[in-house]
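Counted from 1, the sequence shown has number 21 at position 21 by the UniProt record's numbering; the numbering is strictly sequential.
Where is the CB? At the ideal position from N, CA and C, for every residue including glycine.
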Amino acid sequence: MIDARGRSCPEPVIMIKKAMETKAASYEMLVDSRVSVENVTRFATHYGYQVQVEQNGEEFRMMITKK
Numbered sequence: 001m002i003d004a005r006g007r008s009c010p011e012p013v014i015m016i017k018k019a020m021e022t023k024a025a026s027y028e029m030l031v032d033s034r035v036s037v038e039n040v041t042r043f044a045t046h047y048g049y050q051v052q053v054e055q056n057g058e059e060f061r062m063m064i065t066k067k
């Protein structure tokens with residue numbers, strides 16, 4: 001679980017980039033801004049990942065899975 005709540009871009013993107021260096025098949029990430037959701041989604045899809053987002057109040061849970 002990558003917890004990027006309270007962090008502004010580009011930090012969440014840098015965090016997922018670093019996690020992707022492990023070459024895992026999937027990642028779960030928590031963010032608390034729509035901008036972070038959009039930027040992480042754009043980054044992940046560029047590298048061949050599929051992103052699902054669930055909103056819970058002010059927070060977003062992102063499931064990032066290799067296609």
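Please identify the residue among the options whose C-alpha is closest to the C-alpha of residue i.
{"i": "residue 18", "options": "56, 44, 53", "result": "44"}
{"i": "residue 28", "options": "66, 1, 60, 58", "result": "1"}
{"i": "residue 64", "options": "6, 20, 7", "result": "20"}
{"i": "residue 66", "options": "48, 40, 11", "result": "48"}
{"i": "residue 6", "options": "33, 57, 61", "result": "33"}
Mark residue i as exposed unless 16 or more other C-beta atoms lie within 10 angstroms of its C-beta, in which case mark it buried.
{"i": "residue 4", "result": "buried"}
{"i": "residue 14", "result": "exposed"}
I believe residue i touches residue j by the beta-carbon criterion, under 8 Å. Please report the beta-carbon distance rounded to the nearest angstrom.
{"i": "residue 35", "j": "residue 9", "result": "6 Å"}
Could you compute how far the alpha carbon of residue i sits from the alpha carbon of residue j?
{"i": "residue 42", "j": "residue 30", "result": "16 Å"}
{"i": "residue 23", "j": "residue 37", "result": "21 Å"}
{"i": "residue 11", "j": "residue 40", "result": "10 Å"}
{"i": "residue 60", "j": "residue 16", "result": "15 Å"}
{"i": "residue 73", "j": "residue 25", "result": "What the structure shows of the chain is the stretch from 1 to 67, and residue 73 is not part of that stretch, so it cannot be assessed."}
{"i": "residue 62", "j": "residue 46", "result": "16 Å"}
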